[in-house]
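Chemist: The structure is given below, and queries will be raised subsequently.
Protein chains: 4
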Amino acid sequence: MESGRYRVGVLGATGAVGQHLVSRLADHPWFTLAEVVASERSAGRSYGEAVRWRLDVPMPVGAGSLMVKDLQSDLECDLLLSALDAGAAAAEEGFARAGFPVVSNSSRHRMDVDVPLIIPEVNPGHLRAISSQRARRGLTRGLIVTNPNCSTVGLAMALKPLHDAFGIAAVQVVTMQAISGAGLDGVSGFAIQDNVIPHIGGEEEKLEAETVKILGGFGDGGFSPADVAISAQCNRVAVLDGHTESISVRLSTPATAEEVRTALSAFPGEVADLGLPSSPHGPILVRDEPDRPQPRLDRYQGGGMTVVVGRLRPCPVMDWKFTALVHNMIRGAAGAALLNAELLVAQGLL
Amino acid sequence: MESGRYRVGVLGATGAVGQHLVSRLADHPWFTLAEVVASERSAGRSYGEAVRWRLDVPMPVGAGSLMVKDLQSDLECDLLLSALDAGAAAAEEGFARAGFPVVSNSSRHRMDVDVPLIIPEVNPGHLRAISSQRARRGLTRGLIVTNPNCSTVGLAMALKPLHDAFGIAAVQVVTMQAISGAGLDGVSGFAIQDNVIPHIGGEEEKLEAETVKILGGFGDGGFSPADVAISAQCNRVAVLDGHTESISVRLSTPATAEEVRTALSAFPGEVADLGLPSSPHGPILVRDEPDRPQPRLDRYQGGGMTVVVGRLRPCPVMDWKFTALVHNMIRGAAGAALLNAELLVAQGLL
Amino acid sequence: MESGRYRVGVLGATGAVGQHLVSRLADHPWFTLAEVVASERSAGRSYGEAVRWRLDVPMPVGAGSLMVKDLQSDLECDLLLSALDAGAAAAEEGFARAGFPVVSNSSRHRMDVDVPLIIPEVNPGHLRAISSQRARRGLTRGLIVTNPNCSTVGLAMALKPLHDAFGIAAVQVVTMQAISGAGLDGVSGFAIQDNVIPHIGGEEEKLEAETVKILGGFGDGGFSPADVAISAQCNRVAVLDGHTESISVRLSTPATAEEVRTALSAFPGEVADLGLPSSPHGPILVRDEPDRPQPRLDRYQGGGMTVVVGRLRPCPVMDWKFTALVHNMIRGAAGAALLNAELLVAQGLL
Amino acid sequence: MESGRYRVGVLGATGAVGQHLVSRLADHPWFTLAEVVASERSAGRSYGEAVRWRLDVPMPVGAGSLMVKDLQSDLECDLLLSALDAGAAAAEEGFARAGFPVVSNSSRHRMDVDVPLIIPEVNPGHLRAISSQRARRGLTRGLIVTNPNCSTVGLAMALKPLHDAFGIAAVQVVTMQAISGAGLDGVSGFAIQDNVIPHIGGEEEKLEAETVKILGGFGDGGFSPADVAISAQCNRVAVLDGHTESISVRLSTPATAEEVRTALSAFPGEVADLGLPSSPHGPILVRDEPDRPQPRLDRYQGGGMTVVVGRLRPCPVMDWKFTALVHNMIRGAAGAALLNAELLVAQGLL
């Protein structure tokens with residue numbers, strides 16, 4: 103750390119999530135973008151040359167002239183934010199061993215028995231797993247912390263206050279997910295226009311498994327998943343950013359509409375007093391209009407970090423149903439990793 | 103009836119469903135388009151002048167030169183197919199009283215205690231209600247028969263074989279519905295592009311109520327809804343035609359995947375032996391690819407009259423989940439009404 | 103004017119352009135939103151209740167509680183920004199007569215012989231017409247100033263530096279225009295998805311006529327249109343915001359690619375020294391990538407006020423061809439009107 | 103040839119154009135699909151397994167069980183239709199040398215000095231080049247005939263009757279091209295949604311060069327390009343199928359609107375008397391509505407083989423301007439190749 107700021111390296115900096123990370127680091131109060139790491143194909147060129155910048159905000163001044171390094175390079179930084187895909191994320195363990203704290207958006211280590219899968223507002227206490235992780239993997243300064251899959255973040259955040267207040271017994275969730283979640287070239291235009299694709303490889307399994315890990319506990323025996331039955335059906339729709347989720351829940355104890363609404367809208371998040379720069383004032387916004395949330399109108403709520411919930415109403419089969427919206431690239435990926443890094447700073451783990 | 107063919111009048115002929123009816127009547131083996139009826143604004147002009155034709159097949163030769171009449175006009179035909187909206191459909195009862203069999207796509211009379219809500223392959227026996235309808239309403243030759251809401255057709259057809267074979271206790275359904283279901287100007291381009299709208303007025307109520315009427319029985323006491331709990335969440339997506347439905351079901355008696363799959367794919371429909379021209383060879387097609395059905399690729403299966411089911415897999419919360427697709431304008435509207443008219447002919451009710 | 107700020111009333115405040123005006127006034131350094139005016143249907147309700155807010159940024163705090171007035175009401179403000187459609191804009195003259203400076207986005211008065219049609223960076227000198235306007239119409243403090251049609255702004259700004267440097271003899275322009283230009287409900291989703299509509303009523307005529315008025319002069323004899331032949335073909339495409347224009351020009355004097363590029367990129371605008379808050383640092387940005395500008399990636403350049411030009415290359419039929427992009431709702435409408443109002447302030451005309 | 107039918111092999115059978123060829127061959131009166139050829143990755147599997155079928159009509163019965171061969175295999179057929187990309191199309195010359203007539207959609211040989219670039223309705227006489235081609239390349243039974251680029255077909259067909267009647271001096275064309283023209287995965291959904299991409303690699307050059315070859319002559323000295331100046335600007339838009347082109351033309355001799363309209367609408371095509379199965383009754387349809395042609399509504403005119411022209415009006419810079427629409431996958435690719443093969447049969451060149 104130099105002059106009170108942390109130097110951050112971004113792994114997978116040229117991809118869709120990497121670009122969001124580079125963009126969000128530009129005026130971050132605690133972090134400075136120091137290294138951009140990508141595949142060998144990009145290494146040795148400037149970031150401005152190597153990247154096909156696809157955000158609708160300009161590339162930050164300064165980022166374009168950084169030299170891209172590959173995964174084998176020596177890195178000069180205090181912290182790594184990883185947007186590597188699951189395959190390349192094999193490199194994360196080496197970086198942790200080399201002493202780097204790795205805050206990863208990759209799915210590779212999320213379900214490892216010693217890796218915390220964190221949403222700061224939901225389960226910051228899972229960071230206690232780091233000491234056993236270090237012991238188990240022989241790490242000293244290094245560590246690996248992950249954030250969930252994009253669709254998981256929206257579900258887990260919406261469920262957390264209900265689980266705390268009433269207990270959740272079962273959940274049905276059907277997602278309508280944005281194209282950007284598949285990466286810049288992940289879905290062809292000919293495939294998705296005028297269409298719905300009712301399948302996203304591995305997504306339903308992630309959504310079901312990650313959510314119960316996040317809502318569960320951590321103790322001497324490690325992580326104990328929450329006892330919640332979850333059934334997910336994941337669809338791809340022709341939306342650029344923002345995952346919409348139609349959710350039904352069965353509660354363990356009865357609650358009125360007003361109680362459910364209040365639990366959601368008054369949810370402060372577990373880290374409200376930490377002043378994390380990327381944590382929005384309200385982690386959940388409840389809208390009462392009959393036709394909200396909508397991804398195009400609501401995805402930038404709280405700078406893209408607020409989960410927007412609406413259409414709360416009784417479910418004839420379970421107890422309550424509602425719609426949740428999460429900006430998959432921000433709260434569901436780049437912003438999620440950045441917020442986890444901020445939490446590590448705030449808890450003195452860097 | 104002239105020379106063995108029925109002369110058909112189309113009510114609401116200039117709208118989206120009306121255009122599909124006019125198109126499908128062009129080469130129908132039993133029916134001839136004889137009258138086109140629309141609002142006073144269109145009346146007195148030729149159909150070719152009055153309609154903004156928006157199908158991607160040309161307007162049938164002959165239709166364009168028919169004179170448009172309004173709802174107050176005398177009509178020369180044997181049968182009326184109604185694509186009127188719920189308000190204008192108040193006129194249907196008058197036509198029935200004037201002796202016309204009215205086969206309606208409108209929601210207005212669907213839930214009336216004496217009006218059959220028919221999908222021929224599912225509940226043709228409900229036509230027995232016509233005699234009590236005539237008695238109750240003082241009709242002689244006239245009658246009113248309705249087909250369900252577009253999203254209901256897909257759900258009810260997919261549930262029917264499972265309900266017959268195993269009994270269905272509960273259903274969760276989340277729809278992703280096409281724009282055309284709202285009519286030619288029903289959804290603005292600025293509202294729906296890059297977006298999902300998680301609300302369609304009255305749709306969830308229709309889907310829940312109509313499905314149990316259709317799956318239920320008809321006896322001396324009238325219609326008895328099926329004892330199935332249904333919870334619907336309806337979303338509008340940027341698809342032109344074809345409603346996609348993510349469905350979970352709880353069965354009354356256990357069934358294996360193979361048993362469920364066979365029940366669906368082998369479903370002959372209740373009218374397989376009647377030779378109705380619009381009934382597809384297989385009312386339900388089961389696809390085994392991991393990413394089907396998709397609206398753009400599968401909506402024209404069976405000429406748009408087959409419901410396509412895929413992604414059958416266990417549900418961790420209920421028993422089985424799957425995706426169903428229905429062409430909302432054909433099987434869900436124009437084709438549905440036409441098939442009901444064919445059923446009336448086959449059963450000698452005209 | 104109170105305490106150094108101008109109180110602004112927005113006419114047509116609930117429409118698409120009106121919403122952009124309300125949004126942009128929220129943190130304007132010179133202006134304060136004081137009045138919101140709309141149709142009688144909206145009048146008497148709060149703006150928050152009357153408007154269907156359709157921007158992806160939240161409605162400004164404060165705007166929602168303003169009471170909507172109708173066009174017959176007394177207004178308390180120093181200046182009117184009009185987003186009325188051409189019909190309702192008949193009211194503008196009455197407001198001018200009542201003493202209000204009216205800065206209008208409406209097409210109604212743009213081609214009037216005594217009304218300046220202004221793009222501040224292009225033809226601020228046309229404001230001299232105001233004195234003859236006041237004389238002619240018997241206005242004292244009131245006046246009417248207009249900004250061009252959305253597609254005109256992009257063309258006129260791109261042509262201006264070339265006309266100044268080399269003279270332009272002829273122009274071919276083909277536009278691909280965004281949905282938002284037609285208003286919130288102007289284009290149905292069923293009409294525009296998977297489609298191009300090769301016609302926008304009156305647009306080609308406006309684009310041809312307005313451009314020569316703007317590029318022309320103003321003198322004792324009034325406005326003298328530029329002697330430039332312009333041929334426009336206007337298409338609607340499935341883009342939310344941002345008009346793309348494929349342009350070919352024939353110059354009066356030869357120029358090299360480098361000279362053309364420099365003329366465009368170095369264009370300071372006529373008002374560079376006035377410090378107008380809404381005028382971007384560079385009115386025109388030239389991009390050299392082979393595939394830019396693109397509406398989704400480039401429309402927010404300069405806060406939506408910069409015209410982005412790219413693909414400069416020789417034209418085998420005329421001299422040079424290139425692509426220009428303008429954010430139709432900002433530089434082409436709301437931002438255009440606001441910038442004109444700023445120009446009036448800077449030139450002491452308020 | 104067996105029993106009066108030609109056995110056809112399709113090169114590149116798994117791609118987008120290949121799928122259209124396979125589909126159109128299913129019920130062709132003269133041709134039978136005999137061989138499907140694709141990359142080594144697909145070879146050895148059944149076509150049904152190897153292809154990701156992406157048409158909205160089912161794969162023809164029979165095609166699915168054909169074994170896919172690679173480009174090195176021995177083929178049992180009378181004729182090859184090639185949908186290979188430009189690189190793989192290097193194999194076409196070897197097939198011609200091995201005695202196969204090759205009718206290619208590839209760009210590779212289109213501009214070769216001895217290869218006819220044919221639209222049967224426009225320049226069938228260019229087939230006379232085959233004798234010199236055979237002499238030059240040492241071919242006996244083999245030959246190579248090509249069809250134009252998808253955007254060229256629409257332009258060249260619309261220009262042909264005007265060039266014949268009045269002479270064309272110059273043309274400005276701006277295209278709005280469909281996604282399918284880039285192949286199944288050629289344009290990412292994230293890139294094209296809510297966007298226009300003002301660049302298609304090599305397209306403008308093809309459109310300019312191919313059109314003058316097609317409109318030109320063939321004599322002792324080989325092909326002589328037409329003396330027409332053409333300037334093309336090519337854009338990709340969010341349309342699935344159908345290229346829209348905004349065209350302006352300068353004529354060599356003056357013509358009235360009615361003369362231009364008649365020349366277009368009465369154009370019989372050069373092969374009207376040959377009874378080619380894929381040639382539509384009218385090669386060009388002129389529509390008089392103010393807002394047509396539109397790709398979604400008009401692309402299937404004439405089974406996708408008719409070019410639809412509309413919006414004919416004077417051009418203030420050149421003489422006349424209009425909009426043309428061509429189905430890029432049918433008239434612009436698969437149907438174009440098939441029609442060329444039919445022409446070869448009709449002219450006894452097989």
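Residue numbers (our numbering), protein chains in the order written: chain A, 103 to 452; chain B, 103 to 452; chain C, 103 to 452; chain D, 103 to 452.
Don't be surprised by glycine CBs; every beta carbon is placed ideally from N, CA and C.
Where does Q274(C) sit, in a helix, a strand or coil, going by DSSP?
Modeler: Here Q274(C) sits in strand by DSSP.
Chemist: Comparing the C-beta of V159(C) with each C-beta of chain A, is any distance below 9 Å?
Modeler: Output row for V159(C): interface = yes.
Chemist: In terms of residues, what are the limits of the alpha helix (DSSP H) holding P397(C)?
Modeler: From DSSP, the alpha helix (DSSP H) with P397(C) extends over 397-400.
Chemist: Establish whether the CB of D287(D) and some CB of chain A are separated by less than 9 Å.
Modeler: Judged by the 9 Å Cβ criterion, D287(D) is in contact with chain A.
Chemist: Considering only residues of the same chain and omitting the five flanking positions on each side of T116(C), which have a CB-CB separation below 7 Å?
Modeler: Answer for T116(C): A140, S144, A152, V153, listed in chain order.
Chemist: For T346(B), return the contacting residues in chain A, with the cut-off set at a CB-CB distance below 8 Å.
Modeler: Neighbours of T346(B) on chain A, chain order: V298, P300, N337.
Chemist: State the DSSP-derived secondary structure class of G164(A), mapped to helix, strand or coil.
Modeler: Reduced to three states, the DSSP call for G164(A) is coil.
Chemist: Three Cβ pairs or more, each shorter than 8 Å: is that satisfied between the stretch 306-315 of chain D and the stretch 244-258 of chain D?
Modeler: Result yes; three or more Cβ-Cβ pairs closer than 8 Å.
Chemist: Does the stretch 320-340 of chain A come into contact with the stretch 273-284 of chain A, if we say contact requires no fewer than three beta-carbon pairs (one atom in each stretch) closer than 8 Å?
Modeler: Judged by Cβ distances under 8 Å, the stretch 320-340 of chain A makes contact with the stretch 273-284 of chain A, as three or more pairs qualify.
Chemist: What do you get for L157(C), buried or exposed, if any count of 16 or more other CB atoms within 10 angstroms of its CB means buried?
Modeler: With fewer than 16 other Cβ atoms within 10 Å, it is exposed.
Chemist: Go through its chain and collect everything with a Cβ distance to E104(B)'s Cβ below 7 Å, but skip five positions before and after it.
Modeler: In this prediction, E104(B) scores a pLDDT of 46, lower than 50, which makes its location untrustworthy; no coordinate-derived value is stated.
Chemist: For the 8 Å Cβ check, are there 3 or more pairs between the stretch 167-182 of chain D and the stretch 124-136 of chain D?
Modeler: With a cut-off of 8 Å, the stretch 124-136 of chain D and the stretch 167-182 of chain D count as touching, because enough Cβ pairs lie within range.
Chemist: Here's the rule: buried if 16 or more other CB atoms are within 10 angstroms of the residue's CB, otherwise exposed. What is G304(A)?
Modeler: When all chains shown are included, G304(A) counts as exposed.
Chemist: Can you look up T313(D) in the DSSP assignment and give me helix, strand or coil?
Modeler: Helix at T313(D).
Chemist: When you compare only the Cα positions, how much space is there between L366(C) and R413(C)?
Modeler: Going from the Cα of L366(C) to the Cα of R413(C) covers about 13 Å.
Chemist: What does a CB cutoff of less than 8 Å around A359(D) pick up in its chain, not counting 5 residues either side in sequence?
Modeler: Closer than 8 Å at Cβ, skipping near neighbours: L414, R415, P416, W422.
Chemist: Which chain A residues are close to Y402(C), counting only those with a beta carbon under 8 Å from its beta carbon?
Modeler: By Cβ distance, chain A contributes D158, V159.
Chemist: Could you check whether A436(D) and V119(D) sit closer than 9 Å to each other, using their CB atoms as the reference points?
Modeler: Taking 9 Å as the Cβ cut-off, V119(D) and A436(D) qualify as a contacting pair.
Chemist: At the level of alpha carbons, what is the spacing between I220(B) and V298(C)?
Modeler: Going from the Cα of I220(B) to the Cα of V298(C) covers about 39 Å.
Chemist: Tell me which same chain residues have a C-beta within less than 6 Å of the C-beta of K262(B), skipping the five on either side of it?
Modeler: Result list for K262(B): V224, in chain order.
Chemist: Identify the contact partners of Q295(A) in chain D, using a Cβ-Cβ distance below 9 Å as the criterion.
Modeler: Residues of chain D passing the Cβ test: I281, G291, I294, Q295, A340, V341, L342.
Chemist: Could you check the C-alpha separation between L113(A) and Q449(A) for me, to the nearest Å?
Modeler: Going from the Cα of L113(A) to the Cα of Q449(A) covers about 23 Å.
Chemist: Output yes or no for whether 9 Å exceeds the beta carbon distance between P382(D) and T408(D).
Modeler: Yes, the Cβ-Cβ distance between P382(D) and T408(D) is below 9 Å.
Chemist: Quick one: which unbroken beta strand (DSSP E) runs of 3-plus residues sit fully inside the stretch 204-276 of chain A? Chain order, please.
Modeler: If we require 3 residues or more, the beta strand (DSSP E) runs fully inside the stretch 204-276 of chain A come out as 245-248.
Chemist: Applying the criterion that 16 or more other CB atoms from any shown protein chain within 10 Å of the CB defines a buried residue, is V341(B) buried or exposed?
Modeler: That one is buried.
Chemist: Who are the near neighbours of R352(C) in its chain, counting only those whose CB is closer than 6 Å to its CB and skipping five residues on each side?
Modeler: Counting only Cβ-Cβ distances below 6 Å, and skipping sequence neighbours, we find A271, A272, M420, D421.
Chemist: Let's see if you can read the secondary structure: which residues bound the beta strand (DSSP E) around L335(A)?
Modeler: Per the sequence shown, residue 335(A) should be read as Gln rather than Leu. That run of the beta strand (DSSP E) goes 331-339.
Chemist: Check the Cβ-Cβ distances between C252(B) and every residue of chain A, and say whether any is below 9 Å.
Modeler: No, because no Cβ of chain A sits closer than 9 Å to the Cβ of C252(B).
Chemist: Nearest-angstrom Cα distance between T364(C) and V411(C)?
Modeler: Whole-angstrom Cα-Cα distance: 12 Å.
Chemist: I332(A) to E194(A), Cα distance in whole Å?
Modeler: Near 30 Å, if we compare the C-alpha coordinates of E194(A) and I332(A).
Chemist: Taking the alpha carbon of R199(C) as the reference point, which residue from V215(C), D187(C), L182(C), G404(C) has its own alpha carbon closest?
Modeler: Among V215(C), D187(C), L182(C), G404(C), the Cα nearest to that of R199(C) is on L182(C).
Chemist: Buried or exposed for A237(C), please, with buried defined as at least 16 other CB atoms from any protein chain shown within 10 angstroms of its CB.
Modeler: With fewer than 16 other Cβ atoms within 10 Å, it is exposed.
Chemist: Run through DSSP, which three-state label would L451(A) get?
Modeler: Three-state result, L451(A): coil.
Chemist: Strictly below 7 Å CB to CB, what residues from chain A border M278(B)?
Modeler: Ordered by position in chain A, the residues that pass the 7 Å Cβ test against M278(B) are M278, V298, N337, V339.
Chemist: What's the C-alpha gap between G319(D) and E372(C)?
Modeler: G319(D) and E372(C): Cα-Cα distance of roughly 53 Å.
Chemist: What first and last residue would you give for the alpha helix (DSSP H) that runs through E194(D)?
Modeler: Counting along the chain, the alpha helix (DSSP H) containing E194(D) begins and ends at 193-199.
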